[in-house]
Amino acid sequence: MTTGNAKHYDAIVIGGGHNGLVAAALMGQIGKRTLLIEASAELGGMAVHAPAIGRLSETVVRALALDRHGLRFRTRSLATEILREGTSPLPLQPDDPAATRQAIHALSPADAEAWPHFQQRMARLAAGLAPFLERTPPRLRLDDWGERWELARLGFAVRRMGRADMRDLLRILPLNVADLAEEVFESDVLRGLLSFDAVLGNRMGARSPNTVFPLLMRHAGGAGCRPGTQAVAEGGTAALIDALRKAAASHGVEIRTDAPVARILVEDGRATGVELTDGGTIRAGTILSSAHAGTTLIDLVGPRHLDTDFTRAVRHARGAGVTAHLILNLSAPPAGGDPDTLATTRRVHAPSIQAVERAFDRAKYGELPEDPPFEVTVVNEGEGHARAHALIQYVPGDLKDGDWKTERDAFTKRLVARIEDLCPDLAGRVEGAHLATPADIAARHRAPGGHWHHLETGLDQAFMLRPVPGWAQYRTPIEGLFLCGASTHPGGWISGQPGLNGARAALAAEKASGKVKGEAA
Amino acid sequence: MKRYDAIVIGAGHNGLAAAAYLARGGLEVLVLERRDAIGGAAISEERHPGFTYSSCSYVCSLLRAEIMRDLDLPKHGLKIIPYGTTACLMRGGDRFAMYPDADQTRREIARHSARDADAFDEFMRDLYRQCRAIRPLLLKTPPDPTSFKPRDIKGLLEIGRAFGQLDEDALYQAMQFWTMSCGDFLDRYFESDVVKGALAGGSIIGTALGPYSPGSAYVLLHHVMGDLDGHVGAWGFAVGGMGAISKALAGAAREHGAEIRTGAEVSEILMQGDRAAGVVLADGEEVRARTVVSNLDVKRTFLKLAPRKHLPGAFVDQVERFKIRGSSGKLNIALDALPDVPALRHDPKLMRGGLNVGDSLEYLERAYDDWKNGTWSKKPYLDIFIPSTLDSSMAPPGKHYMSVFVQYAPPTLADGPWTAESRQAFGDTVLDTIESYMPGFRKLVLDAWVRTPADIEAEVGLTEGNIFQGELTLDQLLFNRPVPGYAQYRSPIRGFYMCGSSTHPGGGAMGAPGANAAREMLHDLKRRAA
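Residue numbers (the numbering used here), protein chains in the order written: chain A, -4 to 516; chain B, -7 to 522.
Written out as structure tokens, the structure is:
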């Protein structure tokens, strides 16, 4: 079946996750006839696995006027409760420093002193990183004055931090989070919390070098959040997706769901359109893919259009996920406390550095951890319903012994029991539990490895090296094909920045080629 | 009373190299060594009658050729024999050997994986390309990236130029090399477990990292960037043991007029106002000098020796944070005869090279997990070498000296400090491991001198027994080594310097920290004279 009567589009965006929506909305805004196609029945992509919107870019919020499209924040300073065995949780409230101080003081007076200083330090250093996180990474072509200039600008941005902070940043950036935590705090639970926050989503342990870098990324903030905290949308991440959909629609973007792409059409090294699995083809001069880099380039384009070194680099990009998402359907919102505060607090179980590291050690050999660290957020869905989202750190996608068919129920039960144990207010209210392992995430979102950020956000896969060295500028070896998903810089955490940068790269390329054509004519 | 131009505290190889360069620069130099013998961790000792042990360090590849030339070390008796082969002994009785001849290595790899044999050339090419970029930096003082001084900016430009010679791809690879794990790096090229395991050994030696810890790829580079005898990555053996290096350096220093005193423990730094003016020995003797340089690791230097009140608090904090992690043990073994290694019977020449135990990345990673849990590896990585197969002076005729480097062993155990029993148990773990690859081995053992990290600290003085005087992780390399802002061999105390492996470019019997520190001291003294 061909779609002979189909409209011609300027741009097709593959994937209806938040980044795809951002890219499509921006293309529409600039006046491009844009079609967004999503393989599954619903928009949202992998964002459904993130209850909070960690680093939503302010630029995206403003550029797409998301507030006009209904985006409201439940909170911009998600509080943390550290779960503790046999005693009450330790509350850390970014909006109430005095209460936080008092809470930590009971644990360790030294840590109570250290906490605000540490938050400020991380905010300062993260601000130094901020110029790197927003921009399109330059290439390392030292013979190119434009790239040299960009590198010099970035160097200057870091130098402007001042000598002490710059030294601090250069030292701790490659550090492992356990060392940093031990330097700063004496209590196990704060060290554990820091470790958890640094490794969540990645296949790294607390003692893996380079884990301070993802922690700093978290502190770089976004969505007008207080640095180091996250925002939660009114209505959860689904509401963000809805606002993005409305923004895209308002700019005339057409959205088609249930339309899996079978391949990207390439003619003479140029992307010319897509072929759907139902056989239909849709043509456009620009294709933006927010799907995983490997899926886009290896599965949809295919190695025959790419050179072997590039294909190999894409295949070797590390993206074996170890973060699972457990959804608990609750019969009723937890008793006691204000139901409104539920969604503004996350509860973290990561009692110590060792607890995090032990779980990691099991998972790295494909074994299930005994007591994995996790983070739970309860969302009150109204009418007596509530849901809890738990992010479980260190669940291997492939099990060394046995497989998920046989292990799933027992492991899910074990997790639920542990959560009920540590959160007594949820006990007895869990009606159903659904576990999405990295393998499930991989299958559902066509993201090989099922990594929470598509690809590991280590220093060796960051900035100029993401998704693969030399191709960090959102373009691909296929002319007219651009990447705009979490596989690209600056990665996951629902920033929308890859979508924004990807669309900008596509527009810039179009402009440049227009110029060349104009000159030729 | 005599006043020296420079006092060097500690006669390790870097202290001796610094002394030789300072004396060669025309200074009056005194080296003070606490122990009765010079050499620090580069030492040869007769601990069992008739046997010469390279007690601590055991091979040599990184000693800079420039230093060999500058100080004319061969004239002072240093002779290094390259030992070309390395054989990884496999569980199950097979082996994987690497030879100086690339074709032979390729054939050997092909026995394990034909695909890996093809990948090997590319792997070596990529590795050497990085080595070539880094090597010129070893004998340079790291520039301070936060400084606007002409010297520092020039230094940064030099680094830029060194890397600027790489093309775009190689530059990205350099960025990855400094940040990724050795395991991930090897996974890009190879599929065979043993090939990866054998190549990864260099990424964990002396380091509290596992092969899958990010940053371990650099440690691998650190171990292969030697260029002995024109062969990149070639390892060598010093005739007479590692003490021969120290002896030759001492010879060079003495030739240029340096004095070396052993049995002379420095107990404090003598200050004059805010300047170092000499040292006080344990017996109360005061020795004066215009400058003092410490070859001890940075923790020992600043937390135990230097006067605390002359150090800024922030500096002391940073020194306390500097990671010197004990992770290695050593067994020196006297053998009644050469052991039989069934896996190597087909080619007895392999016995003259390195023998490794650790045949997969997982084997090494699990060994590391034990260390993290505060115990020695129950299945340790071993780097075995039998020097007497190359140098008959190391053992009585027919008998052999075996050096066994063990990764990992913690500086203290989870349940407390090392004891005689735990040391014995650790030694047994190692001997049993060897026995499983060399049946009948234990019966040949005449003497097994087991050294835990705690023993190495007690004897040699290296904090936690760390052979590199500090972890080689990115947060502690180049301008971060040992402490940001003090990476240029100077300390907060005027006239007081550091020249040990805690400083750039780190450990590995290179001599580069000593040579670099001497250059900075000469620079300062010249400026003061002018």
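Every residue gets a Cβ at the ideal spot worked out from N, C-alpha and C, and that includes glycine. A quick note: this is a predicted structure, and the numbers were derived from the prediction, not measured.
| query | result |
| --- | --- |
| Beta-carbon separation of V269(A) and V261(A) under 8 Å? | no |
| Are there 16 or more other CB atoms within 10 angstroms of the CB of T(-2)(A), so buried, or fewer, so exposed? | Because the pLDDT of T(-2)(A) is 47, which lies under 50, any placement of that residue in the model is unreliable, and the question is left without a value. |
| My output table needs one value for H344(A): the three-state DSSP class, helix, strand or coil. | strand |
| For K239(B), does the three-state DSSP call read helix, strand or coil? | helix |
| Would you report the Cα separation of R434(B) and K188(B), rounded to the nearest angstrom? | 29 Å |
| Taking Cβ positions, are H287(A) and G480(A) nearer each other than 8 Å? | yes |
| In terms of residue numbering, what span does the alpha helix (DSSP H) encompassing S46(B) cover? | Element bounds for S46(B): not the alpha helix (DSSP H) but the beta strand (DSSP E), 43 to 46. |
| In angstroms, rounded to a whole number, what distance separates the CA positions of T340(A) and A504(A)? | 43 Å |
| Going straight from the alpha carbon of I473(A) to that of A121(A), what length do you get? | 35 Å |
| Can you grab the Cα-Cα spacing for the pair G462(B) / L178(B), in whole Å? | 25 Å |
| For E352(A), go through chain B and note every residue whose CB falls closer than 7 Å to its CB, in chain order. | K364 |
| Look at the alpha carbon of R439(A) and the alpha carbon of A34(A), and state the distance between them as a whole number of angstroms. | 10 Å |
| Would you mind working out which of G49(A), L124(A), A315(A), H3(A) sits nearest H13(A), comparing C-alpha positions? | G49(A) |
| Strictly by DSSP, which residues pair up with G270(B)? | L262(B), R280(B) |
| Give me the chain B residues within the contact set of E178(A), using Cβ-Cβ distance strictly less than 7 Å, ordered along the chain. | R313 |
| Mind pulling the beta strand (DSSP E) runs of 3 or more residues that sit fully within the segment 236 to 300 of chain A? | 249 to 251, 256 to 262, 265 to 271, 276 to 284 |
| According to DSSP, is W466(A) part of a helix, a strand, or is it coil? | coil |
| Closest Cβ-Cβ distance between P204(A) and chain B: below 8 Å? | yes |
| Since I believe I376(B) is in contact with L347(B) (beta carbons under 8 Å), could you give me their beta-carbon distance rounded to a whole number of angstroms? | 4 Å |
| Along chain A, in chain order, which residues have C-beta atoms closer than 7 Å to that of N472(B)? | L165, R166 |
| Within the continuous alpha helix (DSSP H) that includes D304(A), where are the two ends? | 303 to 311 |
| Which value, in whole angstroms, describes the spacing of the CA atoms of F88(B) and L149(A)? | 46 Å |
| Taking the beta carbon of M212(A) as the centre, do at least 16 other beta carbons fall within 10 Å, making it buried, or is it exposed? | buried |
| Excluding the 5 residues flanking G175(B) on each side, which residues of the same chain have their C-beta closer than 7 Å to its C-beta? | A192, P203, Y204, L353 |
| Please give me, in chain order, every unbroken run of the beta strand (DSSP E) with length at least 3 that falls completely inside the segment 371 to 457 of chain B. | 373 to 377, 392 to 399, 437 to 443 |
| In the structure shown, what three-state DSSP assignment does G(-3)(B) receive? | The sequence shown places Asp at residue -3(B), rather than the Gly named in the question. DSSP places D(-3)(B) in strand when its eight states are reduced to three. |
| Confirm, please, whether the CB-CB distance from E25(B) to A256(B) is below 8 Å. | yes |
| With 8 Å set as the bound, which would you pick, yes or no: does the beta-carbon of H311(A) sit closer than that to a beta-carbon of chain B? | yes |
| Output, in chain order, the set of chain B residues within a Cβ distance shorter than 8 Å of K359(A). | Y204, E357 |
| Under a CB-based cut-off of 8 Å, is G(-1)(A) close to chain B? | Because G(-1)(A) carries a pLDDT of 46, less than 50, the predicted location of this residue cannot be relied on, and no value is offered for it. |
| Would you call the CB atoms of P346(A) and D183(A) closer than 8 Å? | yes |
| Per DSSP, Y4(A) forms a beta bridge with which residues? | A279(A) |
| Quick one: measure Cβ to Cβ for M513(B) and Y478(B), integer angstroms, because I've assumed they're closer than 8 Å. | Contact doesn't hold; Cβ gap of about 15 Å is too wide. |
| Could you please tell me which residues of the segment 438 to 453 of chain A, in chain order, have their CB closer than 8 Å to any CB of chain B? | G453 |
| Please tell me whether I7(A) and A173(A) are closer than 8 Å, where the distance is taken between their beta carbons. | no |
| Could I get the ranges of all uninterrupted alpha helix (DSSP H) runs contained in the segment 19 to 93 of chain B, with 4 residues as the minimum, in chain order? | 57 to 62 |
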